[in-house]
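Chain order of the listed sequences is C and W.
Quick note: the first sequence, position 19, residue 19 per our numbering, numbers continuous.
Remember, our numbering sits 1000 above the position in the second sequence when you count from 1.
Even for Gly, the Cβ is constructed at its ideal location relative to N, Cα and C.
For clarity, every value in this text was computed on a predicted model and none was experimentally measured.
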Amino acid sequence: NAGVTQTPKFRVLKTGQSMTLLCAQDMNHEYMYWYRQDPGMGLRLIHYSVGEGTTAKGEVPDGYNVSRLKKQNFLLGLESAAPSQTSVYFCASSTGTSGGTGELFFGEGSRLTVL
Amino acid sequence: SQQGEEDPQALSIQEGENATMNCSYKTSINNLQWYRQNSGRGLVHLILIRSNEREKHSGRLRVTLDTSKKSSSLLITASRAADTASYFCATDRQGAQKLVFGQGTRLTINP
């Protein structure tokens, strides 16, 4: 099983360019998440989805958009990249139950540099 | 803002010693989870403890939860060099459908 796969793993952008990060999971999970990790800041939630066709804002959504057109895919878009968006981005998925989110399964991360 | 706050931020011990990390949080939770991250890698789930549980074990890991103090601790016994990693607590607040992570504890095990 591949689990959670993120593409691309590395990307360098110039300020103002746009790009999309793709997250794919093969575990039939309902919930999917995008986090960013910066030195000393831990993980901060950007956007998340609790099912196909749904999205919701997390702690730091500004400058990002997401889409969940298919259950297995969760896309994170940067409309106009800024140096402050230089970070490592992690996608995660979970089964999600009435009792909570459950265990999260993470991808290996996408390292984005904005010049 | 971060829901969970880990303490200490960094911990360095000798191989074979026990390592204890603490996590405090602010609101009522469904469960609290601990994750491990090796340098440059994705996070890996270690253990989940529900709000109605007080202690849970998994191999060399022991997690406690005190909901009255809104705190949790992770104990790693008989540490090994391979335990060197960052450890994060994450809280699942009631009704939130998402996990909020703390800033992590960076654990170094010296051979």
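Taking C-beta pairs closer than 9 Å, name the residues in chain C that W/Leu1074 reaches, listed in chain order. Correct list: empty, because the minimum Cβ distance to chain C is about 15 Å.
Along chain W, which residues have their Cβ under 8 Å away from the Cβ of C/Tyr33? Lys1098, Leu1099
Give a yes or no on whether the minimum CB-CB distance between W/Asp1066 and chain C is below 8 Å. no
What residues of chain C sit near W/His1057, judged by a beta carbon separation below 7 Å? The premise fails here: W/His1057 is roughly 17 Å from chain C at the closest Cβ pair, so nothing lies under 7 Å.
I need the DSSP call for W/Asp1066, collapsed to helix, strand or coil. strand
Report the residue from W/Asp1007, W/Arg1106, W/Ser1068, W/Leu1074 whose alpha carbon sits nearest the alpha carbon of W/Gln1033. W/Leu1074
Residues sharing a beta bridge with W/Asn1031, DSSP: W/Arg1050, W/Asp1092
Buried or exposed: which applies to C/Ser84, given that a residue is buried once 16 or more other Cβ atoms fall within 10 Å of its Cβ? exposed
Rounded to a whole number of angstroms, what is the C-alpha to C-alpha distance between W/Thr1020 and C/Ser18? 43 Å
Does the beta carbon of C/Leu76 come closer than 8 Å to any beta carbon on chain W? no
The region 1048-1060 of chain W contacting the region 1024-1039 of chain W, beta-carbon criterion three pairs below 8 Å: yes
So is C/Tyr48 in contact with chain W if we call contact Cβ pairs under 8 Å? yes
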